[in-house]
Amino acid sequence: MKIAIHKILVLFISVFTCNIALAAEVPPPPAPLTTTPGLPIDGGLVIMFFAALILGYLVSTKYIFNKKSSL
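Note that the sequence shown covers residues -23 to -1, 1 to 48 in mature numbering (1 follows the signal peptide of the UniProt record, and there is no 0).
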């Protein structure tokens, strides 16, 4: 007897999708937003911003503003 893998896969997929579609409950309504949407500004983000400023200044003074070196 020849086993057809694709027929078995089609059978499993159809059984699982029918089970999910028929047994799914209605999800509850979403809770109202208590905060404004957007990116929260915390201490780590502020530190990363100032570190990028300092690193950008150091790299620019080392490579861009130095006339002897070239990139």
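Glycine is no exception: its CB is placed at the ideal position from the N, C-alpha and C atoms.
Which of helix, strand or coil DSSP assigns to residue i
i, result
"I(-11)", "helix"
"K(-22)", "coil"
"V36", "helix"
"A29", "helix"
"V3", "coil"
"I(-16)", "helix"
"I41", "helix"
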